[in-house]
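Presented below is the structure to which this report refers.
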Amino acid sequence: MSESVATETLTADYHASVTALPRSLARHSPKTPALDVLGVTRQYGAYTALQDVNLQIWPGEFITIIGHSGCGKSTLLNLVAGLDRPSSGSVQLYGRTIQGPGPDRAMVFQNYSLLPWMSVRQNVEEALKAALPGQTAAQRAGATDQALRLVGLWPHQAKRPSALSGGQRQRVAIARAFAVQPQVLLLDEPFGALDAITKSHLQDELLELWTGEAEGGIANVLMVTHDIDEAIYLSDRIVVMSNGPRAHIHEVLDVPLPRPRERAALVQDPAYLRLKAHMLHLLGTVLATPH
Amino acid sequence: MTTQTTSTTVVIRPRLDLRAPLIRLGYFLIGLAILALIWTVLAAVRSDLPNLATVGGSLAELFRNPWYSNGPNDKGILNLLLSSLTRVFAGFALGAVIAIPLGILMGSVPVLKRICDPIVQLLRPVSPLAWFPIGLTLFQSAEPATVFIITITALWPTVINTAFGVSNVPQDFKNVARVFQFSRAQYVARVLWPYALPHIVTGLRVSFGIAWMVIVAAEMLSGKSGIGFFVWDAWNALNLPHVVSAILVIGVTGLLFDQLFGWLERRVSYV
Ligand SMILES: Nc1ncnc2c1ncn2[C@@H]1O[C@H](COP(=O)(O)OP(=O)(O)OP(=O)(O)O)[C@@H](O)[C@H]1O
Ligand SMILES: [Mg+2]
Numbered sequence: 215m216s217e218s219v220a221t222e223t224l225t226a227d228y229h230a231s232v233t234a235l236p237r238s239l240a241r242h243s244p245k246t247p248a249l250d251v252l253g254v255t256r257q258y259g260a261y262t263a264l265q266d267v268n269l270q271i272w273p274g275e276f277i278t279i280i281g282h283s284g285c286g287k288s289t290l291l292n293l294v295a296g297l298d299r300p301s302s303g304s305v306q307l308y309g310r311t312i313q314g315p316g317p318d319r320a321m322v323f324q325n326y327s328l329l330p331w332m333s334v335r336q337n338v339e340e341a342l343k344a345a346l347p348g349q350t351a352a353q354r355a356g357a358t359d360q361a362l363r364l365v366g367l368w369p370h371q372a373k374r375p376s377a378l379s380g381g382q383r384q385r386v387a388i389a390r391a392f393a394v395q396p397q398v399l400l401l402d403e404p405f406g407a408l409d410a411i412t413k414s415h416l417q418d419e420l421l422e423l424w425t426g427e428a429e430g431g432i433a434n435v436l437m438v439t440h441d442i443d444e445a446i447y448l449s450d451r452i453v454v455m456s457n458g459p460r461a462h463i464h465e466v467l468d469v470p471l472p473r474p475r476e477r478a479a480l481v482q483d484p485a486y487l488r489l490k491a492h493m494l495h496l497l498g499t500v501l502a503t504p505h
Numbered sequence: 011m012t013t014q015t016t017s018t019t020v021v022i023r024p025r026l027d028l029r030a031p032l033i034r035l036g037y038f039l040i041g042l043a044i045l046a047l048i049w050t051v052l053a054a055v056r057s058d059l060p061n062l063a064t065v066g067g068s069l070a071e072l073f074r075n076p077w078y079s080n081g082p083n084d085k086g087i088l089n090l091l092l093s094s095l096t097r098v099f100a101g102f103a104l105g106a107v108i109a110i111p112l113g114i115l116m117g118s119v120p121v122l123k124r125i126c127d128p129i130v131q132l133l134r135p136v137s138p139l140a141w142f143p144i145g146l147t148l149f150q151s152a153e154p155a156t157v158f159i160i161t162i163t164a165l166w167p168t169v170i171n172t173a174f175g176v177s178n179v180p181q182d183f184k185n186v187a188r189v190f191q192f193s194r195a196q197y198v199a200r201v202l203w204p205y206a207l208p209h210i211v212t213g214l215r216v217s218f219g220i221a222w223m224v225i226v227a228a229e230m231l232s233g234k235s236g237i238g239f240f241v242w243d244a245w246n247a248l249n250l251p252h253v254v255s256a257i258l259v260i261g262v263t264g265l266l267f268d269q270l271f272g273w274l275e276r277r278v279s280y281v
């Protein structure tokens with residue numbers, strides 16, 4: 215009996231040591247990247263939206279993508295989601311070329327894409343039923359309740375999307391993706407329609423889901439945003455894209471701020487201020503004019 | 011651990027709001043009044059047309075005993091209407107049973123759509139009367155031939171609309187299904203069908219309108235019973251008030267069924 219306890223403790227320790235690996239260390243681990251964007255070009259007819267995009271994302275990283283409207287952020291996210299295929303180059307997930315959508319990825323769409331004939335609750339539950347077929351009905355109901363409470367829409371669960379405000383619809387889309395807890399969470403401007411308070415609340419919930427040690431939880435987040443403060447507060451690295459056509463990655467910025475981060479303290483942190491000034495310069499001056 | 015549910019759900023039962031329907035009725039009555047005025051003027055200019063009073067009298071006479079039956083060629087107006095409706099529903103139902111699966115197939119198999127589309131466009135504009143000889147040849151009797159021409163003319167709007175609904179599911183919805191790994195069955199039940207259903211019902215509504223329009227012509231040709239036969243019979247007896255009465259009955263019946271399909275459309279619409 216004592217033996218089994220010992221092995222249990224050992225395995226527990228082992229898991230703890232793996233999951234407790236600091237994010238910054240995980241980033242430099244010599245493993246294969248979680249996501250590898252390899253020389254990706256995406257053309258729409260004669261229009262080249264993305265040209266030769268290269269990006270490695272390491273297991274556990276929180277990455278945000280920032281860039282001017284129309285530069286190709288959604289296009290890149292769709293490629294990672296497997297909804298779209300590159301014209302040339304490839305996108306790999308743990309060394310495997312992405313051929314289509316998979317259970318390891320979920321997405322918050324820029325235009326929410328809720329199914330208008332189903333209630334808020336059904337929108338979440340149907341996605342869960344499809345993405346996690348192993349769940350029992352009770353587990354699914356519990357996960358749905360939890361996700362709807364998290365975004366504050368539990369009292370509105372019976373409504374159809376057409377009866378919701380824009381921000382509420384966005385929160386349903388967030389609940390749907392959060393509930394699935396995919397290995398890689400793809401977010402296309404997920405908080406764009408929300409007020410500051412709701413936004414920061416959901417940012418913190420997102421961070422919690424991401425840092426959570428639950429087996430099979432969210433390991434990587436790839437998020438598109440237009441908000442510089444949000445990008446710095448959330449990410450390990452920020453990908454700044456150049457303007458289209460032929461958009462590519464202009465610069466990848468490290469965010470050298472320890473976690474957990476404090477919003478109030480952050481605004482006085484010199485590293486934060488330097489980074490923000492640099493990004494403002496990039497977006498406001500260097501990339502201000504289309505090429 | 012206690013879960014506290016503090017949200018109190020206040021169910022506000024909407025009082026039956028009669029304002030909108032009453033307003034609609036008001037406009038309908040205005041339109042009706044204008045129509046009556048036009049007819050009155052027309053009847054005053056052309057004395058061979060029956061005026062409203064004559065038509066009213068004729069209607070009253072027809073509805074005094076609407077269900078009577080003195081043999082196959084002498085029946086009350088509602089009896090005639092019922093036999094027409096029975097034929098229309100037989101033809102329309104048969105058409106729907108063919109059109110919906112055909113539309114679904116065309117909508118989901120692009121090759122099939124490309125093959126069938128020109129055929130549909132070719133057959134759609136053919137007059138119902140032109141089909142009648144084919145029907146008579148096929149079935150050797152007027153009754154099934156009548157159902158046949160209703161079926162074949164009422165088919166197309168449902169085919170076209172069903173195919174459109176099934177093949178035009180917006181990319182956004184498809185993307186949701188793909189990203190969240192909807193199974194084939196789940197996609198059909200939760201995305202394809204709810205999206206296509208309103209289109210199908212709209213198709214059925216148009217199809218029914220056509221079927222109802224065709225029945226009069228068909229019964230004039232087949233000449234056994236029904237409201238179309240009644241019109242032809244009245245015309246042969248030079249009883250114009252009966253003809254106008256029948257037109258009114260046909261119109262009102264069509265209107266009522268259109269309202270019914272309109273209600274069905276609203277029921278299945280998701281916005
Ligand atoms: N299906 C398509 N066909 C043709 N061009 C497209 C298509 N999808 C995107 N594009 C073009 O590719 C470019 C990038 O589009 P994308 O939606 O990725 O931009 P974005 O960076 O997400 O912009 P925003 O911040 O406004 O959402 C745009 O110029 C757009 O016009
Ligand atoms: Mg976009």
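Protein sequence lines correspond, in order, to chains U and F. If you count the first sequence from 1, position 291 lands on 505 in our numbering, and the numbers rise without skipping. If you count the second sequence from 1, position 77 lands on 87 in our numbering, and the numbers rise without skipping. C-beta atoms are modelled at their ideal positions from N, C-alpha and C, and glycine is treated no differently. None of these values were measured; they are calculated from a predicted model.
Inset, instruction - Can you tell me which of U:G380, U:E465 and U:F405 puts its alpha carbon nearest to the alpha carbon of Q270 of chain U? - result: Counting from one through the first sequence, the residue named residue 270 of chain U turns up at place 56. Nearest option by C-alpha distance: U:E465.
Legend entry - Inter-residue Cα distance where the pair is L45 of chain F and L266 of chain F: For the purposes of this step, residue 45 of chain F is taken as residue 35 along the second sequence, with counting starting at 1. For the purposes of this step, residue 266 of chain F is taken as residue 256 along the second sequence, with counting starting at 1. Each residue's Cα considered, the two are about 18 Å apart.
Inset, instruction - Look at P251 of chain F and S68 of chain F and say whether their C-beta atoms are less than 8 Å apart. - result: Stepping through the second sequence from its first residue, residue 251 of chain F is reached at position 241. Stepping through the second sequence from its first residue, residue 68 of chain F is reached at position 58. Yes, the pair counts as a contact, with Cβ atoms nearer than the cut-off.
Legend entry - Backbone secondary structure at V216 of chain F - three-state DSSP: Translated into the one-based positions of the second sequence, residue 216 of chain F becomes position 206. Residue state, collapsed to three classes: helix.
Inset, instruction - Name the residue from F:Y37, F:Q269, F:P120 and F:I159 whose alpha carbon lies nearest to the alpha carbon of R97 of chain F. - result: Translated into positions along the second sequence, residue 97 of chain F becomes position 87. Ranking F:Y37, F:Q269, F:P120 and F:I159 by Cα distance to R97 of chain F puts F:I159 first.
Legend entry - K287 of chain U: CB within 7 Å of a non-hydrogen atom of ligand 1: Within the first sequence, residue 287 of chain U is the residue found at index 73, counting from 1. Yes, ligand 1 has a heavy atom inside 7 Å of this Cβ.
Inset, instruction - Under 9 Å between beta-carbons, which chain F residues line up against N325 of chain U? List them in chain order, please. - result: Your numbering for residue 325 of chain U matches position 111 in the first sequence. D182, listed in chain order.
Inset, instruction - Establish whether the CB of A341 of chain U and some CB of chain F are separated by less than 8 Å. - result: Along the first sequence, one-based indexing puts residue 341 of chain U at 127. It does; some Cβ of chain F falls within 8 Å.
Legend entry - Contact the stretch 282-302 of chain U vs the stretch 400-416 of chain U: 3+ CB pairs below 8 Å: yes
Legend entry - Residues of the stretch 173-201 of chain F with Cβ closer than 8 Å to any Cβ of chain U, in chain order: D182, F183, N185, V186, A187, R188, V189, F190, Q191, F192, S193, Q196, R200 and V201
Legend entry - Distance, G145 of chain F Cα to T156 of chain F Cα: Translated into positions along the second sequence, residue 156 of chain F becomes position 146. Translated into positions along the second sequence, residue 145 of chain F becomes position 135. Answer to the nearest angstrom: the Cα atoms are 7 Å apart.
Inset, instruction - Could you please give me the residues that DSSP links to D402 of chain U through a beta bridge? - result: Counting from one through the first sequence, the residue named residue 402 of chain U turns up at place 188. According to DSSP, which records beta bridges pairwise, D402 of chain U is partnered with U:V438.
Legend entry - 8 Å Cβ cutoff met for K234 of chain F and S177 of chain F: Start at 1 with the first residue of the second sequence, and residue 234 of chain F comes out as number 224. Start at 1 with the first residue of the second sequence, and residue 177 of chain F comes out as number 167. Cβ atoms of K234 of chain F and S177 of chain F: not closer than 8 Å.
Inset, instruction - Give the interface partners of V281 of chain F over in chain U, defined as CB-CB distance under 7 Å, in chain order. - result: Residue mapping note: residue 281 of chain F aligns to position 271 of the second sequence, counting from 1. Correct list: P330 and S376.
Legend entry - Spatially closest choice to N255 of chain F from F:A53, F:Y37, F:A70 and F:V55, by CA coordinates: Taking the second sequence and counting its residues from 1, one reaches residue 255 of chain F at position 245. Checking the displayed sequence, the identity of residue 255 of chain F turns out to be Ser instead of Asn. For S255 of chain F, the nearest C-alpha among the options comes from F:A70.
Inset, instruction - Out of U:D450, U:I442, U:R385 and U:V438, state which residue places its alpha-carbon closest to the alpha-carbon of E419 of chain U. - result: Taking the first sequence and counting its residues from 1, the one referred to as residue 419 of chain U is at position 205. Per the Cα distances, U:R385.
Legend entry - Which listed residue (U:L328, U:A433 and U:S449) has its alpha carbon closest to that of P472 of chain U: Position 258 of the first sequence holds residue 472 of chain U. The shortest C-alpha separation from P472 of chain U is found at U:S449.
Inset, instruction - Report the rounded CA-to-CA distance for S327 of chain U versus L88 of chain F, giving the unit in angstroms. - result: Taking the first residue of the first sequence as position 1, residue 327 of chain U is located at position 113. Taking the first residue of the second sequence as position 1, residue 88 of chain F is located at position 78. When only Cα atoms are considered, S327 of chain U and L88 of chain F end up about 51 Å apart.
Legend entry - Status (buried if at least 16 other CB within 10 Å, exposed otherwise) for R200 of chain F: One-based indexing of the second sequence puts residue 200 of chain F at position 190. Burial call: buried.
Inset, instruction - Using a Cβ-Cβ cut-off of 8 Å, state whether A407 of chain U counts as contacting chain F. - result: In the first sequence, counting from the first residue as 1, residue 407 of chain U sits at position 193. Not closer than 8 Å to any Cβ of chain F, the Cβ of A407 of chain U fails to qualify, so no.
Inset, instruction - Closer than 8 Å by C-beta to M493 of chain U: which residues in its own chain qualify, once you throw out the five before and the five after it? Chain order, please. - result: Numbered from 1 along the first sequence, position 279 holds the residue referred to as residue 493 of chain U. Excluding sequence neighbours, M493 of chain U sits near I280, I442, A445, I446, I452, V454 and L467.
Inset, instruction - Verify the contact flag: V454 of chain U, CB atom, against every heavy atom of ligand 2, threshold strictly below 7 Å. - result: Within the first sequence, the letter at position 240 stands for residue 454 of chain U. No.
Inset, instruction - Can you give me the Cβ contacts of Q269 of chain F inside the same chain, cut-off strictly under 6 Å, excluding the 5 residues immediately before and after it? - result: Here the question's residue 269 of chain F lines up with position 259 in the second sequence. Same-chain partners within the cutoff: there are none.
Legend entry - Proximity test, S283 of chain U beta-carbon vs ligand 1 heavy atom, cut-off 7 Å: By one-based count along the first sequence, residue 283 of chain U stands at place 69. Within the cutoff, so yes.
Legend entry - Those runs of the alpha helix (DSSP H) which lie wholly inside the stretch 239-295 of chain U and span at least 4 residues: Counting only runs of 4 or more, we get 287-295.
Legend entry - Listed by chain order, chain F residues near L297 of chain U by CB distance under 8 Å: One-based indexing of the first sequence puts residue 297 of chain U at position 83. Among the residues of chain F, those whose CB is under 8 Å from the CB of L297 of chain U are N185, R188 and V189, following chain order.
Legend entry - Proximity test, A263 of chain U beta-carbon vs ligand 1 heavy atom, cut-off 7 Å: Walking along the first sequence from the start, residue 263 of chain U turns up at place 49. Yes, ligand 1 has a heavy atom inside 7 Å of this Cβ.
Legend entry - K3 of chain F in three-state terms, based on DSSP: Examination of residue 3 of chain F is not possible in this model, given that chain F is present from 11 through 281 alone.
Legend entry - Residue range of the beta strand (DSSP E) that includes Q306 of chain U: Counting from one through the first sequence, the residue named residue 306 of chain U turns up at place 92. Unbroken beta strand (DSSP E) run through Q306 of chain U: S302 to L307.
Legend entry - V438 of chain U Cβ short of 7 Å to ligand 2 heavy atom set: Counting from one through the first sequence, the residue named residue 438 of chain U turns up at place 224. Checking every heavy atom of ligand 2 against the Cβ of V438 of chain U, one is found closer than 7 Å.
Inset, instruction - Step through the CB atoms of chain F and report whether any lies within less than 8 Å of the CB of S238 of chain U. - result: One-based indexing of the first sequence puts residue 238 of chain U at position 24. For S238 of chain U, the pLDDT reaches just 43, beneath the cut-off of 50, and the residue's location in the model is therefore unreliable, leaving the point undetermined.
Legend entry - Close beta carbons around I257 of chain F, own chain, < 8 Å, minus the five adjacent residues each side: On the second sequence, position 247 is the one that residue 257 of chain F refers to. The residues are V241.
Inset, instruction - Using only the heavy atoms of ligand 2, determine whether one of them is closer than 7 Å to the beta carbon of D483 of chain U. - result: Along the first sequence, read from residue 1 onward, the residue named residue 483 of chain U stands at position 269. Outside the cutoff, so no.
Inset, instruction - Taking 8 Å as the cut-off, decide whether the C-beta atoms of V322 of chain U and A387 of chain U are in contact. - result: Position 108 of the first sequence, counted from the first residue, corresponds to residue 322 of chain U. Position 173 of the first sequence, counted from the first residue, corresponds to residue 387 of chain U. A contact, by the Cβ cut-off of 8 Å.
Legend entry - E339 of chain U - containing alpha helix (DSSP H), residue span: Within the first sequence, the letter at position 125 stands for residue 339 of chain U. Segment V334 to A345, the alpha helix (DSSP H) holding E339 of chain U.
Inset, instruction - Tell me whether D402 of chain U counts as near ligand 2, meaning its Cβ is closer than 7 Å to at least one heavy atom of that ligand. - result: As a working note, residue 402 of chain U is residue 188 in the first sequence. Yes, the beta carbon of D402 of chain U sits closer than 7 Å to at least one heavy atom of ligand 2.
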